[in-house]
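Position one of the sequence shown corresponds to residue 7 (this note's numbering), numbered consecutively onward.
Glycine included, every Cβ here is placed at the ideal spot set by N, Cα and C.
Here the structure is a predicted model, which means the values were calculated and not measured.
What follows is a single structure, written as structure tokens, with notes after it.
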Amino acid sequence: MTSYLLRRLGLMIPTLLGILALNFFIIQTAPGGPVDQFIAQLSGEGDMVMERITGESSEVGSSPMDEEPGVPGSRGISPELVLEIQKMYGFDKPVLERFGTMLADYATFNFGDSFFKGRSVINLVLDCLPVSMSLGIWSTLIIYLVSIPLGIRKAVKSGSKFDASTGVAVVVANAIPVFLFAILLIVLFAGGSYLKWFPLRGLVSPGFENLSMAGKIVDYFMHLALPITAMVIGGFATLTMLTKNSFLDEIGKLYVVAAKAKGLTEGKVLYGHIFRNAMLIIISGFPSAFISMFFTGSLLVEVIFSLNGMGLLGFEAAMQRDYPVMFATLYIFTLIGLFTKILSDLTYSLVDPRIDFERKEARHG
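Here it is as structure tokens:
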């Protein structure tokens with residue numbers, strides 16, 4: 007297993023390079039980059055933005071008649087100033103040189119500074135990471151802890167009233183949009199119109215550092231209660247039904263019939279024989295589920311509950327064409343995804359020791 011893990015860690019490097027290269031060159035060709043964004047600001051704000059670039063006061067016009075040929079959006083701006091803006095963002099260098107510099111910096115986790123937020127990217131990420139990790143880890147954990155036992159129970163009681171009633175509840179929960187349920191929770195429990203049991207903004211309260219350890223834990227989970235509830239309400243359906251169908255498929259196989267014929271109890275058959283086979287397909291989907299919950303799934307929740315997380319940071323960076331933040335978040339989430347996939351393989355081996363990845367690779371190699 008050790009040599010397999012070393013090979014997987016080695017393959018992470020070309021995979022990471024490929025993902026970064028593909029996204030880098032696609033984004034570089036997209037219109038509306040940071041230079042265009044800044045030129046638009048410059049055209050609208052005049053002298054103050056001009057002084058930021060050149061350190062000199064100068065008038066900036068905005069007449070379409072003054073637009074420079076070959077420089078879209080540079081209304082009334084001299085070519086020299088456009089070159090200064092390009093140099094400020096590093097666009098005065100060839101694209102391959104920019105890509106090589108980015109890779110060299112990212113190898114040491116040097117992500118540079120945000121184009122538009124006036125802060126280093128690493129500080130922005132460190133500020134946002136606790137929110138996204140809290141939402142992603144706790145939501146995924148709750149979904150798995152509830153959906154897997156529920157799916158197993160539904161498989162064992164397939165066709166019963168319990169199966170039918172829980173099936174209706176799961177489908178209804180899945181049909182509720184996350185943002186709509188989040189707003190409903192705010193209205194009901196966060197001082198919207200009725201109760202004010204939970205705080206509405208942020209991950210912790212002001213003065214958090216002055217609370218006792220017990221007080222900090224309570225305050226932390228009080229802030230997370232509604233956002234996590236909103237995120238998990240629609241996450242049960244897919245995993246519950248996947249677990250149920252996976253166990254139903256195994257229950258009908260001959261080795262289960264043979265185990266029952268030997269007089270083994272239902273518990274021993276279910277958890278001693280069926281469990282490790284049925285869980286493999288569920289474990290294989292963990293990396294994508296975790297990354298989805300960690301990033302894309304939390305965006306609306308972060309906006310509604312005023313949580314400054316990675317989802318919101320990445321979305322704003324994409325809208326503003328803030329390339330350092332965009333590529334830094336891509337780099338971080340790609341690393342998390344690759345490491346989570348390796349963790350998934352290790353869990354495979356723990357659930358079913360018969361799986362030998364080294365022998366499997368040797369056979370296919």
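A243 places its beta carbon 7 Å or farther from that of A188. Secondary structure at S211: coil, using DSSP grouped into helix, strand and coil. Inter-residue distance for K259 and G269 is about 16 Å (C-alpha atoms, whole angstroms).
The alpha-carbon separation between M219 and L151 amounts to approximately 26 Å. At a Cβ-Cβ threshold of 7 Å, T249 and G165 do not count as neighbours.
Relative to G16, the option among L336, F345, F115 and T353 whose CA is nearest is F345. Taken through DSSP and simplified to helix, strand or coil, K268 comes out as coil.
Residue nearest to L245 within the set Y226, V101, G273 and L286 is L286 (criterion: CA-CA distance).
In this structure, the straight-line span from the alpha carbon of D225 to that of W144 is close to 15 Å.
In this chain, the alpha helix (DSSP H) harbouring A188 covers V184 to F195. Contact holds between the segment 326 to 339 and the segment 116 to 123, because three or more Cβ pairs, one in each stretch, are under 8 Å apart.
When only Cα atoms are considered, L22 and V275 end up about 42 Å apart. Residues of the same chain with a CB within less than 7 Å of the CB of T340, apart from the 5 flanking positions on each side, are L22 and I25 in chain order. C-alpha of L306 to C-alpha of G173: approximately 26 Å in a straight line. R13 is not a Cβ neighbour of I348, given a cutoff of 7 Å. Within the same chain, and ignoring the five residues on either side of G197 in sequence, the residues whose Cβ sits closer than 7 Å to its Cβ are L206.
DSSP places S138 in the helix class (H, G or I) of the three-state scheme. Beta-bridge pairing by DSSP links D119 to S126.
Among the bridge pairs identified by DSSP, K202 is matched with A196. Rounded to the nearest angstrom, the gap between the Cα atoms of A181 and G240 is 7 Å. Assigned with DSSP and collapsed to three states, I239 falls in coil, not helix or strand.
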